[in-house]
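Residue numbers (my numbering), protein chains in the order written: chain F, 336 to 639; chain W, 336 to 639. By construction, the Cβ of each residue, glycine as well, lies at the ideal position given by its N, Cα and C atoms. Computed from a prediction, not measured in an experiment: that's the story for all the values here.
Structure follows, in structure tokens:
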């Protein structure tokens, strides 16, 4: 999974420690040949690329971007831009997940809305997986829906997770794919499949919790998870009895503290609860909840 | 500066409020046609793109990316990858600034190492500015160097700033460019030029302080500056008598606090002081400095 790339200003990671070598030139006042300049797993930003270039290197070994095939499933979906008929909705998840996948460093092959029959669906997925490290689907994994995805994943590999105690995100599904007629396993392991729920908030929250760290692991990042910061809850976070809940919050500064306010109704279909959210607050299952004024660790998406 | 773009997962901004319109479809439980769904200046991440797509929109009006021509100047520079002779160094700033410009949302036209004579230099810059919103140069603006850049900027427009009370970054230069033989001013105003210092840390710090906010302004972002957070200094920050200093620090968590530690020698040539830094701490000019244990607002580059 290691490739030599030209220095290009892309954000990539180095797979092993990078040292100042024989072709070392003035990087700074305190470096000598043989000193380590970048650790394995370092994300290459402007300063890190500058340091590497200052040693005279025109290319660096980096992890390549994971290739992800992205598919939406659901009888109710129409292409965004086409007028939905009765009971239909635009396939908005595709575009939200495309943006989320790119932000996480993936190259995306957009398969569009899945065929509604088992054989064409299987042919499409098998073909796409010839050139992909991972399959990400949205929708079609809930009980009671016309689900062709889970049987397909079972026929191509092993479904390890078919449900999680998470709100939003209960129908989240995870599988490893290694069976014929897929090509041989990839050099670094099996292909993986993430079946995300169809509700827009559920698909993006399970992406944050499960898919993004996995994609960062594939890229060799030392830091897999979103950073967390302590925040003071500005509202009473009511719990869900049987599931951990990731509530969406905005943050604002009050003196030296960050105050977390709810983005409003936390319905899984209400994407406005995530648009503009700065962080996710994890509320444990049970009947306690977290009272306003408490300090909690929030998963930071962006800072105000 | 407004263009219609296909939904692509790119991070762009909306120039005006986006409202749920006649082609509104189920975005959530609490929206009705006419409600505002995205404010002007919003950065379009996954959830925001999902919200727009859920309204049935296949394209959005957004600001286009600023086009920046990037040039390195200095007799001592050789192309990265070529072996430097005596007194020469690789042109590492080009690659660091390319990465920084892209992170800030710009499309970059890399001009390479500037010609060493006035007329070829002028021809190159005038040609590049036909299709650019901004010129960014590094090096060649210090007193005593063989500087062709400042006279060129003076002949093409007005140099407003030729020196700043900043460490690192004293030679920072800013000009607006509107004179013949440049094409007519752009519809949204004059072209601008940023002459960054040649020292690697100086060029990236002045980029952070001056160039990145300007590029974000051109893109219509509501949030122009890096976010700040209160951090506790883990070291004595010694001041510079006559210049504000931006010291590079790493951050670590200690209980509910972020502790800022110096990245070591803050020499302008020591890019290792910026590689891996999480934040910049502003130390006012004078003889006071900031003692260890003080709380200061740090400009956050990334979180630990």
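Any C-beta of chain F sitting closer than 7 angstroms to the C-beta of residue 572 of chain W? Cβ-Cβ to chain F under 7 angstroms: no for residue 572 of chain W.
Simplified DSSP assignment, three categories, for residue 589 of chain W: Residue 589 of chain W carries a strand assignment under DSSP once its states are collapsed to helix, strand and coil.
Beta-carbon of residue 427 of chain W versus every beta-carbon of chain F: anything under 7 angstroms? yes
Using the DSSP secondary-structure output, state which residues sit across from residue 564 of chain W in a beta bridge. W/633
Which class does residue 395 of chain F belong to by DSSP, given the choice of helix, strand or coil? strand
Per-residue burial, residue 384 of chain F [other beta carbons within 10 Å of its own, 16 or more giving buried]: buried
Provide the residue(s) that pair with residue 455 of chain W in DSSP beta bridges, ordered along the chain. BP columns for residue 455 of chain W are empty, so no partner.
List, in chain order, every chain W residue whose beta-carbon is nearer than 9 angstroms to that of residue 530 of chain F. Neighbours of residue 530 of chain F on chain W: none; closest Cβ ~18 angstroms, over 9 angstroms.
If contact is defined by three or more beta carbon pairs under 8 angstroms, each pair taking one atom from either stretch, is the segment 583 to 595 of chain W in contact with the segment 505 to 517 of chain W? Inter-segment contact for the segment 505 to 517 of chain W and the segment 583 to 595 of chain W is absent: fewer than three beta-carbon pairs are separated by less than 8 angstroms.
Can you list, in chain order, the residues of its chain with a C-beta nearer than 8 angstroms to that of residue 427 of chain F? Leave out the 5 residues immediately preceding and following it. 415, 535 and 606
Beta strand (DSSP E) segments (min. 3 residues) lying fully within the segment 405 to 464 of chain F: For the segment 405 to 464 of chain F, whole beta strand (DSSP E) runs of length 3 or above, ordered along the chain, are 442 to 448.
Chain-ordered chain W contacts of residue 539 of chain F [CB-CB under 9 angstroms]: 381, 382 and 385
The alpha helix (DSSP H) enclosing residue 384 of chain F, as first and last residue numbers: Secondary structure note for residue 384 of chain F: its alpha helix (DSSP H) is the uninterrupted segment 381 to 389.
Contact under 7 angstroms by Cβ, residue 404 of chain F with residue 463 of chain F: In contact: residue 404 of chain F and residue 463 of chain F (Cβ atoms closer than 7 angstroms).
Label residue 358 of chain F either buried or exposed according to how many other C-beta atoms from any shown protein chain fall within 10 Å of its C-beta, with 16 as the threshold for buried. Because residue 358 of chain F carries a pLDDT of 42, less than 50, the predicted location of this residue cannot be relied on, and the following value inherits that uncertainty. Classification for residue 358 of chain F: exposed.
Determine which residues of the segment 547 to 572 of chain W have a Cβ less than 9 angstroms from any Cβ of chain F, and write them out in chain order. So the close ones are 558, 561, 562, 563, 564 and 565.
Please name the residue in F/408, F/373 and F/396 whose C-alpha comes closest to that of residue 460 of chain F. F/408
Three or more C-beta pairs under 8 angstroms: does that hold for the segment 610 to 621 of chain W against the segment 432 to 442 of chain W? Between the segment 610 to 621 of chain W and the segment 432 to 442 of chain W there are fewer than three inter-stretch CB-CB distances shorter than 8 angstroms, so the stretches are not counted as touching.
Separation of residue 630 of chain W from residue 571 of chain W, as counted between CA atoms: 12 angstroms
Nearest candidate by alpha-carbon position, reference residue 623 of chain F, set F/633, F/487, F/576 and F/602: F/576
Curious, which full-length alpha helix (DSSP H) runs of at least 4 residues does the segment 485 to 561 of chain F contain? 535 to 541 and 547 to 553
Same chain only: Cβ atoms within 8 angstroms of residue 444 of chain F, ignoring 5 sequence neighbours per side: 402, 403, 404, 405, 463, 466 and 467
Can you tell me whether residue 337 of chain W is buried or exposed, with buried defined as 16 or more other CB within 10 angstroms of its CB? Here the model assigns residue 337 of chain W a pLDDT of 48, short of 50, so the residue's position is not dependable and the matter cannot be decided.
Closer than 6 angstroms by C-beta to residue 502 of chain F: which residues in its own chain qualify, once you throw out the five before and the five after it? Chain order, please. 575, 578 and 580
Going by beta-carbon coordinates alone, are residue 540 of chain F and residue 599 of chain F separated by less than 7 angstroms? Judged by beta-carbon spacing, residue 599 of chain F lies beyond the 7 angstroms limit of residue 540 of chain F, meaning their Cβ atoms are not closer than that value.
Is it buried or exposed for residue 360 of chain F, if we count other Cβ within 10 angstroms and need 16 for buried? With a pLDDT of 44 at residue 360 of chain F, under the threshold of 50, the modelled position of this residue cannot be trusted, and the question is left open.
Residues within the segment 583 to 610 of chain W neighbouring chain F, beta-carbon criterion of under 7 angstroms: So the close ones are 591, 600, 602, 604, 605, 606, 607, 609 and 610.
For residue 532 of chain F, which residues in the same chain have their Cβ closer than 8 angstroms to its Cβ, ignoring the five residues on either side in sequence? 473, 474, 476, 477, 503, 504, 505, 506, 507, 538, 541 and 603
So with Cβ pairs under 7 angstroms, would you call residue 389 of chain F a contact of chain A? The question asks about chain A, but that chain is absent: this structure's protein chains are F and W.
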